[in-house]
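Peer 1: First the structure, then my questions, so here it is.
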Ligand SMILES: C[S@@+](CC[C@H](N)C(=O)[O-])C[C@H]1O[C@@H](n2cnc3c(N)ncnc32)[C@H](O)[C@@H]1O
């Protein structure tokens, strides 16, 4: 039985870029690739929920030696990823899997790099607390997690502007994909509970979007103290 989220993203897939540009102009496009240049050469990567595959395409070009597994629940999104990359010389480096990432049990300590863009915000706090550790478990110790997502600006006009954007976005995704959240889930808090350390962070679009690169701690490494 297909979930409403899956059928919603299937339905949205062909117009996804149009809606994104309407709501955010080129801001999400710039944010997705903001820290790609900070990622050292990797042999393997797992990309979660990459939608129409624009980040996947950029990653493939920036990591020519990397074997990439792309997981998305939406069959239509995966088809668009495949079409996008059909003429890419490194296309053979990608394996596609249609799957609910919450049921991803196959991989353990396997990947050098985990990637998610505008994906963690699709989940409830409870889902994140449950599944984020499993997704991080796909990384080998010392592996990297590249995450791009929305964040709530802390104060002032940026916060008011951010709230308006996020409210509009949540209404849209609740309508189209049955997103359970009414407001942005606290992604930073969920990440701060994991055994990872932040290497690089870049806020963009008046603090509405943040790209971060984390490193998964190795066994025995003490968790660094965190301010957030
Ligand atoms: C908001 S879109 C983001 C797409 C893309 N990463 C981007 O940067 O625009 C969320 C993507 O995650 C996928 N997705 C949502 N929930 C998922 C789940 N439980 N398992 C796998 N993919 C999921 C959707 O099908 C969609 O492609």
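Numbering (this note's numbering), first residue to last: 1 to 228. Every residue, glycine too, gets a C-beta built ideally from N, C-alpha and C.
Is the beta carbon of residue 208 closer than 7 angstroms to that of residue 143?
Peer 2: For the purposes of this step, residue 143 is taken as the residue at position 143 of the chain shown. For the purposes of this step, residue 208 is taken as the residue at position 208 of the chain shown. Contact: no.
Peer 1: In whole angstroms, give me the CA-to-CA distance for residue 88 and residue 51.
Peer 2: Position 88 of the chain shown, counting from 1, holds the residue named residue 88. Position 51 of the chain shown, counting from 1, holds the residue named residue 51. Computed Cα separation, rounded: 18 angstroms.
Peer 1: Which full runs of the beta strand (DSSP E) of 3+ residues lie inside the segment 131–210, going along the chain?
Peer 2: For secondary structure counted as the beta strand (DSSP E) over 3 or more consecutive residues, the segment 131–210 holds these complete runs in sequence order: 139–150 and 196–204.
Peer 1: Quick one: does the C-beta of residue 26 sit closer than 6 angstroms to a heavy atom of ligand 1?
Peer 2: For the purposes of this step, residue 26 is taken as the residue at position 26 of the chain shown. Outside the cutoff, so no.
Peer 1: Apply the 10 Å Cβ neighbour rule to residue 22 and answer buried if 16 or more other Cβ atoms are within range, or exposed otherwise.
Peer 2: Against the chain shown, residue 22 aligns to sequence position 22. Counting Cβ neighbours within 10 Å, residue 22 comes out exposed, since fewer than 16 surround it.
Peer 1: Please name the residue, chosen from 202, 43 and 57, that lies closest to residue 78 on a Cα-to-Cα basis.
Peer 2: Numbered from its first residue, the chain shown carries residue 78 at position 78. When only C-alpha atoms are compared, the closest one is 57.
Peer 1: Between residue 17 and ligand 1, is the CB less than 6 angstroms from at least one heavy atom?
Peer 2: Numbered from 1 along the chain shown, position 17 holds the residue referred to as residue 17. Taking non-hydrogen atoms of ligand 1 into account, the C-beta of residue 17 is found less than 6 angstroms away from none of them.
Peer 1: Distance check for residue 211 and residue 111, CA to CA, integer angstroms please.
Peer 2: For the purposes of this step, residue 111 is identified with residue 111 of the chain shown, where counting begins at 1. For the purposes of this step, residue 211 is identified with residue 211 of the chain shown, where counting begins at 1. When the Cα atoms are used, residue 111 and residue 211 turn out to be separated by approximately 20 angstroms.
Peer 1: To the nearest angstrom, how far is the alpha carbon of residue 71 from that of residue 135?
Peer 2: As a first step, residue 71 must be located in the chain shown, where it is residue number 71. As a first step, residue 135 must be located in the chain shown, where it is residue number 135. Cα to Cα, the separation comes out at about 12 angstroms.
Peer 1: Where does residue 2 sit, in a helix, a strand or coil, going by DSSP?
Peer 2: For the purposes of this step, residue 2 is taken as residue 2 along the chain shown, with counting starting at 1. Correct three-state label for residue 2: coil.
Peer 1: What are the boundary residues of the alpha helix (DSSP H) that residue 19 is part of?
Peer 2: Position 19 of the chain shown, counted from the start, is the residue given in the question as residue 19. First-last of the alpha helix (DSSP H) with residue 19: 16–24.
Peer 1: Can you name, in chain order, every residue of its own chain whose Cβ lies under 8 angstroms from the Cβ of residue 159, other than the five neighbours on each side?
Peer 2: The sequence position of residue 159 within the chain shown is 159, counting from 1. Same-chain partners within the cutoff: 152 and 153.
Peer 1: Taking only three categories from DSSP, how would you classify residue 120?
Peer 2: Translated into the one-based positions of the chain shown, residue 120 becomes position 120. In this structure, residue 120 counts as helix in the three-state DSSP scheme.
Peer 1: Of all the options 86, 169, 214 and 187, which has the alpha carbon lying nearest to the alpha carbon of residue 113?
Peer 2: Numbered from its first residue, the chain shown carries residue 113 at position 113. Considering only alpha carbons, the answer is 214.
Peer 1: Please classify residue 6 as buried or exposed, where buried requires at least 16 other C-beta atoms within 10 Å of its C-beta.
Peer 2: Sequence index remark: in the chain shown, residue 6 carries index 6 (1-based). Residue environment for residue 6: buried (at least 16 other C-beta atoms within 10 angstroms of its C-beta).
Peer 1: Going by C-alpha distance, which of 73, 102, 120 and 67 is nearest residue 94?
Peer 2: In the chain shown, counting from the first residue as 1, residue 94 sits at position 94. Residue 67 is the option with its Cα nearest to residue 94.
Peer 1: Grab the span of the beta strand (DSSP E) containing residue 80 for me, first residue to last.
Peer 2: Here residue 80 refers to the residue found at position 80 of the chain shown. No beta strand (DSSP E) contains residue 80, which is instead part of the alpha helix (DSSP H) from 75–84.
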